[in-house]
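Read the structure below first, then the notes.
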Amino acid sequence: MSSLSTTETERRVTAPETTDNRMSSRLANSLAVRYLFVVGTFLLLIQLLFGAFQIYNTYRERQATLNDQATDQAEFLAAVIPEAVYFKDFLTLETLVREVSSQPDYLYSIILDNDGAALTRYLDPLDELVGNALTTVAGNDPRLVAEELRKNGVVREVRAPIITEGVQLGDVWLGYTFASLRAQMIESAIKTLGTSLAISLLLMLLTQLLFNWQVRNPLLELGDLANKLATGDLSQRAVVRGSDEIDQLKLGFNSMAGQLQESLHELQSSNDALRTANQALAYEQSLLVNLMDNVPDQIYFKDTASRFVRINRAMATTLNLAGADVLIGQTDFDVVNEELATQFFAEEREMFRTGIPIINRLEFNPGPSNEPRWLSATKVPIRDADGTITGMVGVSRDITDRVAVEEALRQSEVEARKLSMVASRTKNLVIIADADGYIEWVNDAFIQTTGYQLDEVVGRRPGDFLQGPETDSTTVEMMSTMLRQKSGFEAELINYTRENEPYWLNIEVQPVYDDQGELINFIALETVITERKEAEAQLRNYASELERSNRELQDFAYVASHDLQEPLRKIQAFGSRLQSKYGATLDDRGQEYLARMLNAAARSQDLINDLLSFSRVSNSTRPFQSVDLNRTVAEVVEELLATEDNMNIHIDIEPLPTIEADPTLMYQLLQNLLTNAIKFSRAQENPEVRVTSTLTPVTKQGNQSCVISVQDNGIGFDPKYADRIFTIFQRLHGRDAYEGTGIGLAICRRIVERHHGQIRAESAPGQGATFVVTLPLSQG
Numbered sequence: 003m004s005s006l007s008t009t010e011t012e013r014r015v016t017a018p019e020t021t022d023n024r025m026s027s028r029l030a031n032s033l034a035v036r037y038l039f040v041v042g043t044f045l046l047l048i049q050l051l052f053g054a055f056q057i058y059n060t061y062r063e064r065q066a067t068l069n070d071q072a073t074d075q076a077e078f079l080a081a082v083i084p085e086a087v088y089f090k091d092f093l094t095l096e097t098l099v100r101e102v103s104s105q106p107d108y109l110y111s112i113i114l115d116n117d118g119a120a121l122t123r124y125l126d127p128l129d130e131l132v133g134n135a136l137t138t139v140a141g142n143d144p145r146l147v148a149e150e151l152r153k154n155g156v157v158r159e160v161r162a163p164i165i166t167e168g169v170q171l172g173d174v175w176l177g178y179t180f181a182s183l184r185a186q187m188i189e190s191a192i193k194t195l196g197t198s199l200a201i202s203l204l205l206m207l208l209t210q211l212l213f214n215w216q217v218r219n220p221l222l223e224l225g226d227l228a229n230k231l232a233t234g235d236l237s238q239r240a241v242v243r244g245s246d247e248i249d250q251l252k253l254g255f256n257s258m259a260g261q262l263q264e265s266l267h268e269l270q271s272s273n274d275a276l277r278t279a280n281q282a283l284a285y286e287q288s289l290l291v292n293l294m295d296n297v298p299d300q301i302y303f304k305d306t307a308s309r310f311v312r313i314n315r316a317m318a319t320t321l322n323l324a325g326a327d328v329l330i331g332q333t334d335f336d337v338v339n340e341e342l343a344t345q346f347f348a349e350e351r352e353m354f355r356t357g358i359p360i361i362n363r364l365e366f367n368p369g370p371s372n373e374p375r376w377l378s379a380t381k382v383p384i385r386d387a388d389g390t391i392t393g394m395v396g397v398s399r400d401i402t403d404r405v406a407v408e409e410a411l412r413q414s415e416v417e418a419r420k421l422s423m424v425a426s427r428t429k430n431l432v433i434i435a436d437a438d439g440y441i442e443w444v445n446d447a448f449i450q451t452t453g454y455q456l457d458e459v460v461g462r463r464p465g466d467f468l469q470g471p472e473t474d475s476t477t478v479e480m481m482s483t484m485l486r487q488k489s490g491f492e493a494e495l496i497n498y499t500r501e502n503e504p505y506w507l508n509i510e511v512q513p514v515y516d517d518q519g520e521l522i523n524f525i526a527l528e529t530v531i532t533e534r535k536e537a538e539a540q541l542r543n544y545a546s547e548l549e550r551s552n553r554e555l556q557d558f559a560y561v562a563s564h565d566l567q568e569p570l571r572k573i574q575a576f577g578s579r580l581q582s583k584y585g586a587t588l589d590d591r592g593q594e595y596l597a598r599m600l601n602a603a604a605r606s607q608d609l610i611n612d613l614l615s616f617s618r619v620s621n622s623t624r625p626f627q628s629v630d631l632n633r634t635v636a637e638v639v640e641e642l643l644a645t646e647d648n649m650n651i652h653i654d655i656e657p658l659p660t661i662e663a664d665p666t667l668m669y670q671l672l673q674n675l676l677t678n679a680i681k682f683s684r685a686q687e688n689p690e691v692r693v694t695s696t697l698t699p700v701t702k703q704g705n706q707s708c709v710i711s712v713q714d715n716g717i718g719f720d721p722k723y724a725d726r727i728f729t730i731f732q733r734l735h736g737r738d739a740y741e742g743t744g745i746g747l748a749i750c751r752r753i754v755e756r757h758h759g760q761i762r763a764e765s766a767p768g769q770g771a772t773f774v775v776t777l778p779l780s781q782g
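Add 2 to the 1-based position in the sequence shown for the numbering used here, that's all there is to it.
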């Protein structure tokens, strides 16, 4: 696109045209003029051939007539002179010979006796041929003169015998030419040529008028409409007056204009829908972030390799991390001891294999300060629209207090007071019931939560006054069964306060036995999980809404890759056909408008393709594999230097490492960075691009990264735009100055983040630019 625009600009600058030049050029290139020339030439040739045929036939007829006349003259002369020959009457013979030879085209008349002697003769002294023959023949022998005249093939001769009473007395020789006849034929040919030219000119003028009326004017009208279409006026339509080929062309033009108008409208509608979807997605993401950052439980997301993708603020605080992004890309092996990390990894592997979630799994985690902490962990697999597991979400609640209470209750009855003290101080609700399930004691947290005082609940079963209409009957039946079996259990259900307000509880009940193994009590440790339940419900809603949004984005991607590109392909196809078949009928401005239309369609298709690439990076689920960056960058450079515009670019590449990555995305990352460097350094006198790589020190966890730099000596940019250039659709230059859609660097950032890396830009105006990419060598 850029090369086309440059060529057009140079043509306008280096070859300006005056009005006369344009008129002359348009006339010279006019289809009507060429058609008129062909028709006129054809008509003239036909008339000339017909006239030549007529002249030739006339000439042959007159030749035959002259031959017959000469023969008649010779025979007539031979018939009237026998007596004069017999008596040697030379005066009579000479008179008759001169009379015959005085007619046009007769050169000589000779009368010979039987001995071949010339009795009399007449040789036209004024004729050039006769004069030349007399000069050539010695003695002026009339027979030899006649023979000399016959040699050149121009003079013809007829002979007639002189006979009287059956006796031949001699011969008559009569010589003649077609000179006057040829002169007449030449004059006739000149008249025929003039008449043919006049008739041809008249027919050419009539043909020109008919051609202008039937062909040229409709084509000029169609060209004017094409120019208006190129300027953006898509409401114009050609007037169809019949059903000939030009009218069919007009119908095709009207159809193309209508489809183009409809395509532009559909593109605008799609852009509006995409903008609305992005706004809704941003709102949903904001809600999800607020939810995660305000829930006290630890919430985290992992990919299928058990790498942390995201954690909430509560988890970062618990682990004493500087921020929630510090743990991104790491695993449990970077957080807890190897034994626990191995256990967690095995559990998650099994969950990814079977798809069965882990619900309220009790986990012992000493934490960063090595203090004993107990967590209730729930891990649920995340599936995409096709049902494929793409990762997991985990929620861990610190239940150290609850475990401590449970542990104390398992001690002997002697430690009941200690257990009571612990129970009274914990934030969880504690109920101690006898072996039959009647309440003996509750802690302050129970009183504050339910509104019931201790004396109001002692001697009563909890289910008699705490349960209500929303309490799950199946859970209640399970609890009753476990109590009858003297077994411990854990459940979640809805209870009601004294004011009849529902709240969610996580209840864990354990039996207490004496030294003889007799059941003496049940201890219930209850945790109010109303907020967690509400958060989980909201999280499910957000997850459902996010899944719906992802489906809509996928649907849009399908529309963009098929329905949106189809009209653009038609625009390009019809535009190219119009350019190839009818480009010669357009002036320079019309061709420029047509080229602009094709360039705009190509830019629109490039924009759609870049948007699809941007979307595919986020949705990519291809597993990582070993990628030799030396081979990847070599393939990219070979492709880029294959174009003529880039052949003078010097690219220096230092050895690059082999990393664990997506090979397709790595190719796209290096291609975008090198294309960007070449684009902004191509105008330099000696454009250079340099690719270097270094390795970072190995961390305590055994991790190592590579730092890849792509440096050019191009135009550079203001450092204040170092972050802005990675935002989608952000450009520092106009489209006319440098090609591109403003998506390439945004795709680079997405690819780097997909590989748990970082990217930044360093530059100054006129000092070139350096893009620095940090990627882990291993994604494990």
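Even for Gly, the Cβ is constructed at its ideal location relative to N, Cα and C. All values derive from a computational prediction rather than experimental measurement.
Assignment of beta-bridge partners to Q593 by DSSP yields no partner.
Residue Y178 holds the alpha-carbon nearest to the alpha-carbon of N154 among Y178, V40, E458, P163. Taking 3 residues as the shortest admissible run, the segment 347–406 contains the following complete beta strand (DSSP E) segments, listed from N- to C-terminal end: 360–366, 376–385, 391–400. Look at K304 here: in three-state DSSP terms it is strand. Looking at the DSSP output, D457 shares a beta bridge with no other residue. One Cα belongs to Q345, the other to W376, and the distance between them is close to 15 Å. Judged by their CB atoms, L672 and T698 are not nearer to each other than the 7 Å cut-off. By the Cβ neighbour-count rule, Y285 is exposed, with fewer than 16 other Cβ atoms within 10 Å of its own. For F255 and S265, the gap between their C-alpha atoms comes out near 15 Å. Taking T694 as the centre and dropping the five residues before and after it, the same chain places the C-beta of E656, S711 closer than 6 Å to its C-beta, in chain order.
Residue environment: Q703 is assigned as exposed (fewer than 16 neighbouring CB atoms within 10 Å of its CB, all protein chains considered). Here the segment 93–107 lies against the segment 118–127, with 3 or more beta-carbon pairs under 8 Å apart.
For the segment 134–190, the continuous alpha helix (DSSP H) assignments of 4+ residues that do not extend past its boundaries occur at 144–153, in sequence order. The DSSP-derived three-state label of T776 is strand.
If you compare the alpha carbons of N705, D720, N715 with that of L777, the shortest gap goes to N705. A direct Cα-to-Cα measurement between L269 and K252 gives close to 25 Å.
Judged by DSSP secondary structure, V629 falls within the beta strand (DSSP E) whose first and last residues are 627–630.
In the DSSP annotation of this structure, R239 is not part of any alpha helix (DSSP H), being labelled neither H nor E. Annotation for L495: the continuous beta strand (DSSP E) segment containing it runs 491–498.
When DSSP reads this structure, S765 sits in a beta bridge with A771. Counted as a single uninterrupted DSSP element, the alpha helix (DSSP H) harbouring T451 occupies residues 446–452. Taking the Cβ atoms as the reference, I434 lies roughly 5 Å from E442, within the contact range of under 8 Å. With a beta-carbon spacing of about 12 Å, Y515 and I525 fall beyond the 8 Å limit used to define contacts. R158 and I201 have their C-alpha atoms roughly 39 Å apart. For the pair R550 and L290, the Cα-to-Cα distance works out to about 15 Å.
If you check the CB distance, Q670 and N715 do not come in under 7 Å. Taking a 10 Å sphere around the C-beta of I248, we find 16 or more other C-beta atoms and assign the residue as buried.
A residue is called buried when at least 16 other Cβ atoms come within 10 angstroms of its Cβ; F728 meets this threshold and is buried. Bounds of any beta strand (DSSP E) do not take in A586, whose DSSP letter is neither H nor E. Within the same chain, Cβ atoms closer than 7 Å to the Cβ of R152 are found at E159, the five residues on either side in sequence being excluded.
Rounded to whole angstroms, S190 and R579 show a C-alpha spacing of 53 Å. Assigned with DSSP and collapsed to three states, F255 falls in helix. If you look at T694, you'll find it isn't in any alpha helix (DSSP H); it sits in the beta strand (DSSP E) that goes 690–697.
Under the DSSP assignment, F467 falls in the alpha helix (DSSP H) whose first and last residues are 464–467.
When the Cα atoms are used, E96 and Q75 turn out to be separated by approximately 15 Å. Under a 10 Å Cβ-count criterion, L176 is classified as buried, with 16 or more other Cβ atoms of the shown protein chains found around its own Cβ.
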